[in-house]
Amino acid sequence: MKKCPFCAEEIQDAAVKCRYCGSMVGTWPPGAAPDGAEAHDEFPGEAPPPLPGVASRPSAAAIGAFVVIGVLLVVIGVMLAMRGRSGSDAAAGPGAAGVTEAATLAPAQPTSGDYQFLAIPWGTTRAGVRSRLEARGFTFIETDADGDDQFQGRVDGRDAGLAAMYVGDGLAKFVVVMLAADPSGGLLELFKQNLARAYSQPAKQMGIATIWPERAGTLVWATTSEARNVTVHYEAASWPAESRRRKEAAAAAGS
-1 MKKCPFCAEE IQDAAVKCRY CGSMVGTWPP GAAPDGAEAH DEFPGEAPPP LPGVASRPSA
59 AAIGAFVVIG VLLVVIGVML AMRGRSGSDA AAGPGAAGVT EAATLAPAQP TSGDYQFLAI
119 PWGTTRAGVR SRLEARGFTF IETDADGDDQ FQGRVDGRDA GLAAMYVGDG LAKFVVVMLA
179 ADPSGGLLEL FKQNLARAYS QPAKQMGIAT IWPERAGTLV WATTSEARNV TVHYEAASWP
239 AESRRRKEAA AAAGS
């Protein structure tokens, strides 16, 4: 469990949207956002190269020890892989279905048309969204007061929280939050590159948000949360009107 940065209520670790106050946990609370873009390390996501003349040469004994350890690790890895493969083959049996297709943040090949997460069409019913996500290995967590569903799963091999948001019973927005923090900004840069490869270069940078060109009213944009979690938003053309409706309803309820 973790605390919502907006209302301090306890919510699920994988929650993308607070079930109590309705705030998107993958955004910055008022006053918390830094001025300008995120500050990245000179070599994001990897250690900087050593300075000339600083590195010392390892001894022959150390090299030998490393070689022995490396050989042992390789042998152990091969044995574990063979054991796991034989066990899975036995459990699956002949003719059994293969592993479900992995979830990826962006298509591997350049695409045109609407921005979509996992090629799930906008307007897909709640039941249809849940079925498609479960087929990709996502686990349903809960439905919040706005009728939006939250899931947990893996995206690009990393643990992620996912919010599926609706207009009525039709899908209108996905918010994907990578659960592991990205303090150096390296993961954000990697995902920007993956999104650019699929959708072309971004259209603009607004503060810490990188936004791609609008496609028939649909949008995709990437940023980081207060806790330095990479967050990617996929929005249907119907979402802006629904967002305004929710804000007006919240304002009316609070007045």
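Letter by letter, the sequence shown follows residues -1 to 253 of our numbering.
Don't be surprised by glycine CBs; every beta carbon is placed ideally from N, CA and C.
Item	Value
9 Å Cβ cutoff met for residue 130 and residue 100	no
When 154, 143, 207 are compared against residue 115, the one with the closest alpha-carbon	154
Spatial distance of residue 223 from residue 229 (CA atoms)	7 Å
Reduced DSSP secondary structure (H/G/I, E/B, other) of residue 217	strand
Pairwise C-alpha distance: residue 196 and residue 105	6 Å
Cut-off 6 Å between Cβ atoms - residues of its own chain near residue 266, not counting five sequence neighbours on either side	Given that the chain is displayed from residue -1 to residue 253, the structure contains no residue 266 and the question cannot be resolved.
Proximity below 9 Å, CB of residue 121 to CB of residue 160	no
Bridge-paired residues (DSSP) for residue 209	202, 219
Cα-Cα separation between residue 108 and residue 194, rounded to whole angstroms	9 Å
Where residue 194 sits in the DSSP three-state scheme	helix
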